[in-house]
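The block underneath contains the structure these notes are about, expressed in structure tokens.
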Amino acid sequence: MQRITLYSLLFALYFILSSCSRTASNHQILLATTTSVQDSGLLDVLIPAFEKASGFRIKPIAVGSGEAMAMGRRGDADVLLVHSPKDEEAFMNEGFGQSRQLIMTNTYIIVGPSQDPAGCLGTKSATEALAKIANTKSIFVSRADKSGTHKKEMSLWNKASITPTGTPYIQAQSGMGAVLQIADEKKGYTLTDRATYLAFKSKIALKIMVAGDTDLINYYSVIVPNPNKFPKMNLKGAESWADFLLASTTQKVIAEFGQDKFGKPLFYPALTNE
Amino acid sequence: MNELFEVVITSLQVSGISLVIAALMAIPLGAVIGLSNFRGKKLVLGLVNTGMGLPPILVGLVVALLLWRSGPLGFLGLLYSRTAIIIAQTVIAIPIITAFVMVGLQKIDPELIQQTTALGATRWQMFIILVREAKLALLTAVMAGFGGIISEVGAVMMVGGNIKGDTRVLTTGILLETRMGNFNTALVMGLVLLMISFVINLTLTIIQQKDSRQ
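Read top to bottom, the protein sequences are chains B and C. Under the working numbering, the first residue of the first sequence carries the number 1, and numbering increases by one thereafter. Under the working numbering, the first residue of the second sequence carries the number 1, and numbering increases by one thereafter.
What follows is the structure, given as structure tokens:
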């Protein structure tokens, strides 16, 4: 009986190891990115174009910006595409990154119920709107997951010198779509990126309350980790992806993405004269 | 539609391979534990039964920790691949199948074992006979193992990364579509998953029930 078990174990081990991916590790690029980038569908357009042009294979792992940078700190990713500027600066200052380049932006908006109990419809300043929400003790749903959106939300509260607490402040610890739905159900406010809002618009009753504040710009950057710290990383692949994102043809693709589906672009490229 | 097909094939591949590997390891293991008597048998039984209830997400986390580039087995470069999913699913399925086999074989008449030994059967022949006797229990074990892994989403997400065309399976696909707000697509995938599960389980049940009156 033991021999059978032993042979089975050996066979299984062989089977597992032999079905290992044949792609050489220097042809693969592990991209740690955020759920908002993946959910928008932009990667589904950019990645095939890049793979065709460069011969690399990209493995996009969509987690929050926080987790993506944690992966970067451990050397578990070859390149990062994130949108959490303060954390990115810390990442670079601590020597974990070789380069950080802005590739595109989009905008955050504050959305809320049409009844607008906090009276913040049309408020120009995001921090002012948050103050109104806090003062009227209106419901606000937070991502609460250390994502780029969550970090932006916290920086706005910080700027308004408010610490959100109490029952009206719901810490959902969920993705953007789920948070929008929670806010919709509870008739509360939330901070969202425009792209996810557009994707969910037909399913929820929330309306745009505040938009256009410069505080609400969402900056997406590509970070190539520091090869001195992480000798095993695919440096060539990472740099190739970063160069691709900044190439004028790609920037043009980014500018046009979403126009046909939503009537307006979802992202604004960093390198056009607009 | 093409994507859905891709996802279905991936699901069947990884779950199928995992199930086969797990069965090959767990059935002999369960047989050994179930049929032998040794000190501490109850402890081992208890451990295996606990393994049945082992949270799959914990398995996913531990496998991920081992396979991360910065982890002890990182040099294998296995994280975010189908191999990693197979590893995780196999670990999840083994205690489930072992537990059912252990219990199933305990019900075999000990006289049968004595008679077969008396007739000069080798251990391998004994094993085949026992497998036939315990067919009902063994197939239930396999179905339980299959059920455990075809429905798993957290561990597969963690070690596979839900990469399109590579490690996206039906369950993680449902998660992604839901997150993006495509509820209809998510429901369709759910139905497909259910149908596949039903067909496979029905087939196994038919095999199980065949000639069970001998």
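Using N, Cα and C, we set each Cβ at its ideal position, and we do this for glycine too.
Check for me: the beta strand (DSSP E) holding Gly112(B) runs from which residue to which?
First-last of the beta strand (DSSP E) with Gly112(B): 97-112.
DSSP has Ala62(B) in a bridge; who is on the other side?
In the DSSP output, where bridge partners are listed per residue, Ala62(B) has Thr33(B).
So, are the CB atoms of Val159(C) and Thr10(C) less than 9 Å apart?
no
Would you kindly report the start and end of the unbroken beta strand (DSSP E) that includes Pro225(B)?
Counting along the chain, the beta strand (DSSP E) containing Pro225(B) begins and ends at 217-225.
Kindly list the residues whose CB is nearer than 6 Å to the CB of Ile254(B), restricted to its own chain and excluding five residues on each side of it in sequence; keep chain order.
Met104, Phe267, Pro269
Answer yes or no: do Gly237(B) and Arg69(C) have a C-beta to C-beta separation smaller than 9 Å?
no
Short of 8 Å Cβ to Cβ, which residues in the segment 58-74 of chain B face chain A?
The chain inventory of the structure shown lacks chain A, comprising the protein chains B and C.
Which of the three DSSP states, helix, strand or coil, is assigned to Asp217(C)?
Residue 217(C) lies beyond the residue range present for chain C, which begins at 1 and ends at 214; the question has no answer from this structure.
Three-state secondary structure assigned by DSSP to Arg143(B):
coil
Check whether the segment 116-130 of chain C and the segment 48-66 of chain C touch, using three or more Cβ-Cβ pairs below 8 Å as the test.
no
Step through the CB atoms of chain B and report whether any lies within less than 9 Å of the CB of Thr215(C).
Chain C is shown only over 1 to 214; residue 215(C) falls outside these bounds and no answer can be derived.
Three-way DSSP call (helix, strand, coil) for Pro117(B) in this model
Reduced to three states, the DSSP call for Pro117(B) is coil.
Per DSSP, cross-strand counterpart(s) of Pro110(C)
The beta-bridge partner set that DSSP reports for Pro110(C) is empty.
Members of the segment 150-172 of chain C near chain B, C-beta cut-off 8 Å
Against chain B - using a Cβ distance shorter than 8 Å - the residues of the segment 150-172 of chain C are Gly161, Asn162, Ile163, Lys164, Asp166.
Quick one: which chain C residues come within Cβ less than 7 Å of Lys86(B)?
In chain order: nothing, as chain C lies at least about 24 Å away.
Compile a chain-ordered list of the residues in the segment 201-225 of chain B whose CB is closer than 7 Å to at least one CB of chain C.
Those residues of the segment 201-225 of chain B that come within reach of chain C (Cβ to Cβ, closer than 7 Å) are Lys203.
Comparing the C-beta of Met189(C) with each C-beta of chain B, is any distance below 9 Å?
no
Taking Ser70(C) as the query, report the chain B residues whose CB atoms sit under 7 Å from its CB, ordered along the chain.
Arg74, Gly75, Asp76
Taking the alpha helix (DSSP H) that Leu42(B) belongs to, which residues open and close that run?
42-54
If you measure from the beta carbon of Phe38(C) to each beta carbon in chain B, is any gap under 9 Å?
no
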